[in-house]
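Quick note on our numbering: the sequence shown kicks off at 31 and runs consecutively.
Read the structure below first, then the notes.
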Amino acid sequence: MRWCDLSCPEASFPQEEGVDGAGSCRTFAALYCSKLRRLVAKNAPCAVEKAQGAVKKRGKRDGG
Numbered sequence: 031m032r033w034c035d036l037s038c039p040e041a042s043f044p045q046e047e048g049v050d051g052a053g054s055c056r057t058f059a060a061l062y063c064s065k066l067r068r069l070v071a072k073n074a075p076c077a078v079e080k081a082q083g084a085v086k087k088r089g090k091r092d093g094g
């Protein structure tokens, strides 16, 4: 299982100012995932893996 943190090559600091109200002090609670092209929760299970797992489960349920 992968985790969403800055060791992931898809993760970066959010570019928007004040995403979490911290301004520029980097006490952020979100990262930008370039693969999903959206903000994701920092230190949570990988949202990409979660999305891929949902697609696989849906395929099995639909007979794929």
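The beta-carbon is built from N, C-alpha and C at its ideal position, and this holds for glycine as well.
- prompt: Span of the beta strand (DSSP E) holding R68?
  reply: R68 to A71
- prompt: Roughly how many whole angstroms lie between the Cα atoms of S37 and G83?
  reply: Whole-angstrom Cα-Cα distance: 21 Å.
- prompt: Who are the near neighbours of A74 in its chain, counting only those whose CB is closer than 6 Å to its CB and skipping five residues on each side?
  reply: C34
message: If you follow the beta strand (DSSP E) that L61 is in, where does it begin and where does it stop?
response: A60 to C63
query: Given a threshold of 16 other Cβ atoms within 10 Å of its Cβ, counted over all protein chains shown, does A81 qualify as buried or as exposed?
result: exposed
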